[in-house]
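Notes follow once the structure below has been shown.
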Ligand SMILES: Cc1cc2nc3c(=O)[nH]c(=O)nc-3n(C[C@H](O)[C@H](O)[C@H](O)COP(=O)(O)O)c2cc1C
């Protein structure tokens, strides 16, 4: 593969009980794609862990439950400890949670695990706030995560020689 054929690849992995974290994950993936990255967005249940070595960026998000990451996410992260080839990859952690300072954070747990796996944290963890247990997300969170995806993608692709497709039209999300 020549340098000009190479596009950074990203995977956004999420757990979600009521759909709010899934929404944020899709928004993050959308922002990453705007920079020309090739991005897959997938539930923890559908991840083939042996394929993760093929990605440059691994972003992982979960709902905060009992002050930490949800059980399915913790089980998934445990599986990652046995996966070869993750060291040195770019990582990003995110979560959904209540606004209170006392609510804990899934992304804190996820980010710590990514570091333990030897991954390079590309940007500090980010939380999206939900109003109630089932949601909805607070206004602006979807747009904020799209912007984060765009910023991460821009930082990862800036050294690339070839511009992303339709690069003349690529502009940061304006909301
Ligand atoms: C069993 C349970 C425990 C929860 N514990 C917390 C908590 O400790 N802190 C918090 O901020 N939110 C807590 N929540 C609210 C979740 O963060 C919220 O349901 C989640 O962000 C919604 O995302 P989802 O739609 O992707 O599941 C809890 C929710 C459930 C169902």
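In our numbering, the protein residues as written are 1 to 175. A virtual CB, placed ideally from N, CA and C, is assigned to each residue, including glycine. A quick note: this is a predicted structure, and the numbers were derived from the prediction, not measured.
Separation of residue j from residue i, as counted between CA atoms
i	j	result
residue 2	residue 120	At residue 2, the pLDDT of 41 sits below 50, so the modelled position is not reliable and the matter cannot be decided from this model.
residue 67	residue 103	6 Å
residue 144	residue 82	33 Å
residue 24	residue 93	12 Å
residue 39	residue 51	13 Å
residue 173	residue 26	15 Å
residue 42	residue 156	21 Å
residue 4	residue 147	Confidence in residue 4 is poor, its pLDDT being 43 and thus under 50, which makes the residue's placement unreliable; the coordinate value appears in the next sentence. Near 26 Å, if we compare the C-alpha coordinates of residue 147 and residue 4.
residue 88	residue 56	9 Å
residue 152	residue 48	24 Å
residue 124	residue 107	10 Å
residue 131	residue 16	16 Å
residue 63	residue 34	25 Å
residue 149	residue 31	4 Å
residue 69	residue 109	6 Å
residue 171	residue 7	18 Å
residue 76	residue 44	7 Å
residue 126	residue 54	24 Å
residue 137	residue 20	7 Å
residue 101	residue 65	14 Å
residue 111	residue 80	13 Å
residue 9	residue 154	13 Å
residue 139	residue 95	16 Å
residue 99	residue 105	10 Å
residue 58	residue 46	15 Å
residue 74	residue 13	13 Å
residue 158	residue 28	18 Å
residue 114	residue 91	7 Å
residue 11	residue 71	21 Å
Counterpart residues of residue i in DSSP-defined beta bridges
i	result
residue 20	Bridge partners of residue 20: none, in fact.
residue 59	12, 92
residue 97	129
residue 39	10
residue 68	65
residue 137	130
residue 121	91
For residue j and residue i, believed in contact at Cβ under 8 Å, the rounded distance
i	j	result
residue 97	residue 60	That belief does not hold up - the Cβ atoms of residue 97 and residue 60 are roughly 15 Å apart, past 8 Å.
residue 117	residue 78	The Cβ separation is near 11 Å, so there is no contact.
residue 141	residue 18	That pair is no contact at about 14 Å.
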